[in-house]
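One structure is given here, and the rest of the page talks about it.
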Amino acid sequence: GWGFKEEGQKRILAIDITREGFEWALAHSCPSHPDPGMSHDEWDQLKRRSPVRIQWDPERDLLLRPLEHRAIQIGLSKEAVQKYTGAWIEQITDITPLAHAINRLVASGRIDEAKLSLPQEEVYDPHSVATNESRLTSS
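When you read off a place in the sequence shown, starting at 1, and then add 291, the result is the number in our numbering.
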């Protein structure tokens with residue numbers, strides 16, 4: 292929606308969190324849907340034990356068309372919310388003006404220029420050593 296959605300969804304925030312927090316969230320997560328063959332009781336127990344839900348949605352290109360790879364969506368509840376708000380957040384940046392600028396470039400057909408304006412993304416490697424400079428950004 293490029294920050295042009297209905298009321299309450301008009302700002303886009305980039306939230307830098309600690310790698311330790313991100314890895315805790317992954318370690319304490321469950322998928323948003325039950326695995327095939329899982330009973331209703333097993334699914335309920337897993338959800339009760341897991342303060343984090345993981346869902347994989349299609350990634351989108353600048354024209355909002357689905358790409359082949361997926362983007363992780365992470366939902367927090369219970370203790371994960373307290374950890375997120377109290378310990379994991381390192382920086383919050385309002386990137387709404389950047390999103391609007393990229394949207395204007397896309398709307399005017401300047402796709403290559405819009406691509407150059409996108410924030411740099413890196414593949415998450417769970418085996419790399421975390422450092423103070425390692426931060427993951429969600430937006």
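Note that CB positions come from ideal geometry on N, CA and C, so glycine has one too. Computed from a predicted model, the values in this text were never measured in an experiment.
- [ ] Could you tell me the distance, in whole angstroms, from the CA atom of leucine 337 to the CA atom of cysteine 321?
- [x] Rounded to the nearest angstrom, the two C-alpha atoms are 7 Å apart.
Task: alanine 398 vs serine 408 beta-carbon contact at 9 Å - done: Note that the C-beta distance between alanine 398 and serine 408 is not below 9 Å.
- [ ] Would you kindly work out how many angstroms separate the C-alpha atoms of valine 372 and glycine 312, rounded to a whole number?
- [x] Cα-Cα distance, rounded: 11 Å.
Open item on the list: Tell me the DSSP secondary structure of glutamine 346 in three-state form.
Closed with: The three-state reading of DSSP puts glutamine 346 in strand, counting E and B together.
TODO: Decide if threonine 309 is buried, meaning its Cβ has at least 16 other Cβ atoms within 10 Å, or exposed.
DONE: Within 10 angstroms of the beta-carbon of threonine 309 lie 16 or more other beta-carbons, which makes it buried.
TODO: In angstroms with no decimal places, state the Cα-to-Cα distance between asparagine 394 and glycine 328.
DONE: Near 43 Å, if we compare the C-alpha coordinates of glycine 328 and asparagine 394.
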